[in-house]
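There are 2 protein chains.
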Amino acid sequence: MPKFMDVHSGFVGVTEEQLRAAHERDLAIEEAEGVHFERAWLDPESGKVFCLSSGPSKEAVLRVHEKAGHPTTEIYELPVEVE
Amino acid sequence: MPKFMDVHSGFVGVTEEQLRAAHERDLAIEEAEGVHFERAWLDPESGKVFCLSSGPSKEAVLRVHEKAGHPTTEIYELPVEVE
Numbered sequence: 110m111p112k113f114m115d116v117h118s119g120f121v122g123v124t125e126e127q128l129r130a131a132h133e134r135d136l137a138i139e140e141a142e143g144v145h146f147e148r149a150w151l152d153p154e155s156g157k158v159f160c161l162s163s164g165p166s167k168e169a170v171l172r173v174h175e176k177a178g179h180p181t182t183e184i185y186e187l188p189v190e191v192e
Numbered sequence: 110m111p112k113f114m115d116v117h118s119g120f121v122g123v124t125e126e127q128l129r130a131a132h133e134r135d136l137a138i139e140e141a142e143g144v145h146f147e148r149a150w151l152d153p154e155s156g157k158v159f160c161l162s163s164g165p166s167k168e169a170v171l172r173v174h175e176k177a178g179h180p181t182t183e184i185y186e187l188p189v190e191v192e
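Protein chains in written order, with this note's numbering: chain A, 110 to 192; chain B, 110 to 192.
Encoded structure:
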């Protein structure tokens with residue numbers, strides 16, 4: 110299953126509770142699109158959020174985020190991963 | 110230990126082998142800065158690389174990347190993570 114990283118901007122000063130609530134809105138509806146949001150990280154100083162997900166396509170990831178109320182134009186497919 | 114995400118641009122068409130070689134240059138020298146690069150993901154189409162690390166500071170992460178030959182101005186500290 111392809112992996113994706115999406116990047117959101119403008120989340121300056123967002124709290125852990127607010128990020129968790131946003132992430133849970135994704136988790137509640139992701140199954141309909143065959144997507145799973147694995148993890149999300151927040152830098153509240155710059156307002157950046159990074160979400161790591163797996164799913165069938167970039168468009169499916171975007172649809173979940175749109176329905177959950179936080180669309181983004183920045184979604185990257187990650188065919189290569191190293192540890 | 111704080112976590113960080115750094116973002117690199119311009120890696121269009123880079124292969125898994127090339128990403129692995131770059132990542133291994135970080136791993137070889139990270140200890141001197143108390144940093145650990147946990148994972149790196151590549152989108153060879155857009156040329157974006159995302160690196161997840163832990164370490165004492167953004168500056169320490171940058172110093173490792175600089176010495177390894179791939180500095181970036183985009184390093185975000187991630188005090189909040191949700192699953």
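The beta carbon of each residue, even a glycine, is placed where N, CA and C say it ideally should be.
For Leu171(A), would you say it is in contact with chain B, using Cβ-to-Cβ distances shorter than 8 Å as the test? Numbered from its first residue, the first sequence carries residue 171(A) at position 62. It does not; no Cβ of chain B falls within 8 Å.
Residues bridged to Pro157(A) [DSSP beta-bridge criterion]: Within the first sequence, the letter at position 48 stands for residue 157(A). Reading off the sequence shown, one finds Lys at residue 157(A), where the question assumed Pro. DSSP output for Lys157(A) lists Asp152(A) as bridge partner(s).
How would you list, in chain order, the residues of chain B whose beta-carbon sits under 8 Å from the beta-carbon of Pro153(A)? Position 44 of the first sequence, counted from the first residue, corresponds to residue 153(A). Result: Pro188 and Val189.
Excluding five sequence neighbours on each side, which residues of the same chain lie with their C-beta closer than 7 Å to the C-beta of Leu151(B)? Your numbering for residue 151(B) matches position 42 in the second sequence. The residues are Phe120, Val123, Leu128 and Val158.
Would you give the residue range spanned by the beta strand (DSSP E) that His58(A) belongs to? Not covered by the structure: residue 58(A). The range shown for chain A is 110 to 192.
Using CA atoms only, rank isn't needed, just tell me which of Thr182(A), Ile184(A) and Ala169(A) is closest to Glu139(A). In the first sequence, the residue the question calls residue 139(A) occupies position 30. Selected option, being the one with the closest Cα: Ala169(A).
List, in chain order, every chain B residue whose beta-carbon is nearer than 8 Å to that of Lys167(A). Here residue 167(A) refers to the residue found at position 58 of the first sequence. Going along chain B, no residue has its Cβ under 8 Å from Lys167(A), so there is no contact; the nearest lies around 10 Å.
How many angstroms separate the CA atom of Arg134(B) from the CA atom of Ala177(B)? Counting from one through the second sequence, the residue named residue 134(B) turns up at place 25. Counting from one through the second sequence, the residue named residue 177(B) turns up at place 68. Looking at the two C-alpha atoms, the distance is approximately 5 Å.
Between the alpha carbons of His132(A) and Val191(A), how many angstroms are there, rounded? Residue mapping note: residue 132(A) aligns to position 23 of the first sequence, counting from 1. Residue mapping note: residue 191(A) aligns to position 82 of the first sequence, counting from 1. Looking at the two C-alpha atoms, the distance is approximately 25 Å.
Could you name the residues that DSSP lists as bridge partners for Ser163(B)? Taking the second sequence and counting its residues from 1, the one referred to as residue 163(B) is at position 54. For Ser163(B), which the question treats as bridged, DSSP gives the partners Lys112(B) and His145(B).
Between His132(A) and chain B, is any beta-carbon pair separated by less than 8 Å? The residue labelled residue 132(A) in the question sits at position 23 within the first sequence. Interface residue, yes.
Do you know offhand how far Pro188(B)'s Cα is from Pro111(B)'s? Here residue 188(B) refers to the residue found at position 79 when the second sequence is read from its first residue. Here residue 111(B) refers to the residue found at position 2 when the second sequence is read from its first residue. For Pro188(B) and Pro111(B), the distance between alpha carbons rounds to 7 Å.
Is Glu125(A) close to chain B, meaning its C-beta is less than 8 Å from at least one C-beta of that chain? As a position in the first sequence, residue 125(A) is number 16, starting the count at 1. Yes, Glu125(A) lies at the interface with chain B (some Cβ there is under 8 Å from its Cβ).
Thinking Val173(B) and Val144(B) are a contact (beta carbons under 8 Å), I'd like their distance in whole angstroms, please. Taking the second sequence and counting its residues from 1, the one referred to as residue 173(B) is at position 64. Taking the second sequence and counting its residues from 1, the one referred to as residue 144(B) is at position 35. The Cβ separation is near 5 Å, so the contact holds.
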